[in-house]
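Only one structure is covered here, and it is reproduced in the block below.
Below is the structure:
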């Protein structure tokens, strides 16, 4: 893939938007002081991550790669028409995200109390009614310059129990992000016929180079973003994206995933239960966006309870813990664990109640996440300051 590098220029936010964010931060800080005694109780410190070094333990984390043959993909293209790329999808964006000023009070309660987000958007209620929000990834994962061609892009997954789809958001203009839907399909069959809908809810998602890796309850599906098809059937989406392969787990399924660009080679980070681990991406130019071998290169045990997102950056692990009103964001290392704090009693329940994923945008230094119908971003440096 030939990179077309653009240069992002930060735009000044208007006074009205700054006022909304400042008001939101004050309201959430006040709310933190009213958290019930049971919620304000400090959660048990999970302590340091513990390395898992035995070959037997690492072997249980192996993924088996199953790729659709190229000839089958070519037959599918003959059946459905010439594939299009990300640029064509974004050119057909027919929906607009609401800015922070237009988010409802209820939607803003999904935001972290501390640290405060610097970008806030909300999804259209009618457009997402009946759909459950899932993980997200960005062009900051796809390319180290943060762009796909000249555009900055956010991908957000949603499921309704019978189908899964991804909103392709053109975020090049941060004041007017627009999006359209792309339905996810299962891998193509050998005869090249139209593949069925991907019915499994999406639990994790990473866009790396030209591949989109989508975690579900039964594996890690692989999509080629150059193979988006225009949709002619009654799916509710303008486009569909058929899977080009799947990684099947031999043991724990990597339900939550993210990208780590601070390793060499870059790596896919996974979380399931109390385990955190990573896989190296391939450096073979013929295997862009695919894993190297499917063998875990390192693994750890984390005592953070419950499902939640995971992010790895320079040997630091950021792990979220869900809560009824607010959750907790832990930073774990080999030395110990700290959490963001807020409110008069310095409670650790400062994060969103539930965030399926964390995505680090290296170009801007921001972490992106979504909770409910609220999409937000904040500097990674502000997270680090809040736990020191």
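Residue numbers (the numbering used here): -9 to 378.
Cβ atoms here follow ideal geometry from the backbone N, Cα and C, with glycine treated the same way.
Between residue 74 and residue 220 the beta-carbon gap is near 6 Å, inside 8 Å, which marks them as a contact.
Within the DSSP bridge table, the entry for residue 219 names 230 as partners. The straight-line gap separating the alpha-carbon atoms of residue 76 and residue 162 is approximately 13 Å. Burial of residue 376 is indicated by the presence of at least 16 other C-beta atoms within 10 angstroms of its C-beta. No residue range can be given for residue 353, since it is assigned to no beta strand (DSSP E) and is classified by DSSP as neither H nor E. Per DSSP, residue 365 is one residue of the beta strand (DSSP E) stretching across 364 to 369. Scanning 159, 50, 155 and 117 for the CA closest to the CA of residue 186 turns up 155. For residue 288, the enclosing beta strand (DSSP E) covers residues 288 to 291. A direct Cα-Cα distance of roughly 31 Å separates residue 343 from residue 233. Nearest neighbour of residue 207 by Cα position, chosen from 189, 201 and 198, turns out to be 189. Around the Cβ of residue 216, a 10 Å sphere holds fewer than 16 other Cβ atoms; the residue is exposed. Scanning 314, 178 and 371 for the CA closest to the CA of residue 352 turns up 371. If one requires a minimum length of 3 residues, the beta strand (DSSP E) runs lying completely within the stretch 148 to 195 are 154 to 160 and 168 to 177, in chain order. In the DSSP secondary-structure assignment, residue 239 is bridged to 53. Note on residue 97: 16 or more other CB atoms within 10 angstroms of its CB, so buried under the neighbour-count rule. The beta carbon of residue 304 is closer than 7 Å to those of 252 in its chain, skipping five residues each way along the sequence. For the stretch 76 to 116, the full-length alpha helix (DSSP H) segments reaching 4 residues or more read 76 to 81 and 95 to 98 along the chain. Bounds of the alpha helix (DSSP H) holding residue 62 are 60 to 70. In this structure residue 278 is in contact with residue 201, their Cβ atoms being roughly 7 Å apart against a cut-off of 8 Å.
If you look at residue 132, you'll find it in the alpha helix (DSSP H) that goes 129 to 132. The beta carbons of residue 257 and residue 270 sit closer together than 8 Å. Boundaries of the beta strand (DSSP E) around residue 311: 306 to 311.
For residue 327, the uninterrupted beta strand (DSSP E) run begins and ends at 327 to 329, by DSSP. Counted as a single uninterrupted DSSP element, the beta strand (DSSP E) harbouring residue 248 occupies residues 246 to 250. Per the DSSP secondary-structure output, residue 74 pairs in a beta bridge with 218. In the three-state scheme derived from DSSP, where H, G and I count as helix and E and B as strand, residue 270 is classed as strand. When Cβ pairs closer than 8 Å are counted between the two stretches, the stretch 110 to 127 is seen to touch the stretch 356 to 363, the count reaching three or more.
Between residue 300 and residue 249, the C-beta gap is not smaller than 8 Å, which leaves the two residues out of contact. DSSP, reduced to helix, strand and coil, places residue 260 within a strand of the structure shown.
Proximity to residue 147 across 130, 192 and 292 peaks at 192, based on C-alpha coordinates. Annotated three-state conformation of residue 45 is helix, per DSSP. Residue 254 is classed as exposed because its beta carbon has fewer than 16 other beta carbons within 10 Å across all chains shown.
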